[in-house]
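Notes to accompany the following structure.
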Amino acid sequence: MPQPGLTEAMRTTSQPEGFGRPESMIECGWRLWRNAPVGKSPLSSVLECTDHCPALIDLVGGTSALGRFLAATRVDVVDEEGYLWVDDDDGTISICSSYLREGPEQEIIIDLVHELVHVHQQSQGRPLYDKRYAYVDRPTEIEAYAVCIKEARRLGLSEAQIVNYLRVPWVSAAEHLRLCAHLSLRVLPAHSPSP
Ligand SMILES: [Zn+2]
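When we follow numbering that gives the first Met the number 0, the leftmost residue of the sequence shown carries the number 0, and every step to the right adds one.
So this is what it looks like as structure tokens:
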């Protein structure tokens, strides 16, 4: 079961214009299967990487390694409201069916890249939810965001869109700025908290 605070991608703001065109995702090498059945199945039943993803290739150490990694990853489509997370015991990605069916496609793909980093971390025995760290300071989160931001840039998101992408409800305005600083993202005044 998901634990409070462990889901990802709970964004409240509407996405900027240009965010999430399905045809552009296919051009960029991703295919998302929104009608994947509820239950556990290989990752490819939800997400296929039809070309390559340089950020993930760098993470796992090569194109062949990425192919093996993706083929070994399991996904669980769960029939409940929410978003997505990784089981820190077995590395399965859970994704809520409502989000998969109705969420912005580009955002779901970036979220899945983020979760794939957690799957890789879990395979290396790293704890995903180390409570010694605040969410925005946790090394596993910073690495996951760094990798998915690389992919977000490849998909054409602007820096402002990426800053907005990091704005999640369980993170305060100050924590959001701290996360952006960890990731060397420049926050324009419009995104800064009021004085
Ligand atoms: Zn995460």
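Where a beta carbon is used, it is the ideal one built from N, C-alpha and C, also for glycine. Note that the coordinates shown come from a computational prediction; the quantities given were computed from them, not determined experimentally.
What number of angstroms, rounded off, separates the C-alpha of residue i from the C-alpha of residue j?
| i | j | result |
| --- | --- | --- |
| Leu187 | Ala159 | 8 angstroms |
| Leu184 | Ile141 | 12 angstroms |
| Asp50 | Arg73 | 20 angstroms |
| Leu46 | Asp78 | 18 angstroms |
| Glu81 | Ser63 | Correcting the residue identity first, residue 81 is Gly in this sequence and not Glu. Looking at the two C-alpha atoms, the distance is approximately 33 angstroms. |
| Val59 | Ala133 | 26 angstroms |
| Thr12 | Gly61 | Confidence in Thr12 is poor, its pLDDT being 41 and thus under 50, which makes the residue's placement unreliable; the coordinate value appears in the next sentence. Each residue's alpha carbon lies about 36 angstroms from the other. |
| His181 | Leu83 | 23 angstroms |
| Gln121 | Asp129 | 12 angstroms |
| Asp69 | Ser43 | Just to set this straight, residue 69 is Leu in the shown sequence, not Asp. So the alpha carbons of these two residues sit roughly 8 angstroms apart. |
| Ala172 | Asn163 | 11 angstroms |
| Glu150 | Val76 | 23 angstroms |
| Asp86 | Ser93 | 8 angstroms |
Could you pull out every residue in the same chain whose Cβ sits closer than 6 angstroms to the Cβ of residue i, ignoring the five residues on either side in sequence?
| i | result |
| --- | --- |
| Leu178 | Val135, Leu165 |
| Arg100 | Arg33 |
May I ask you to report which of helix, strand or coil DSSP gives residue i?
| i | result |
| --- | --- |
| Val146 | helix |
| Asp75 | strand |
| Glu114 | helix |
| Cys179 | helix |
| Val85 | strand |
| Pro36 | coil |
| Ser93 | strand |
| Glu47 | strand |
Can you round the beta-carbon distance between residue i and residue j to whole angstroms, since I take them to be within the 8 angstroms contact cut?
| i | j | result |
| --- | --- | --- |
| Tyr98 | Ile107 | 7 angstroms |
Leaving out five residues on either side along the sequence, give the residues of the same chain with a beta carbon under 7 angstroms from the beta carbon of residue i.
| i | result |
| --- | --- |
| Gly90 | Val118, Gln121, Ser122 |
| Ile56 | Thr62, Leu65 |
Item to check | the segment 142-149 / the segment 113-126 touching (three or more Cβ pairs under 8 angstroms) | outcome: yes
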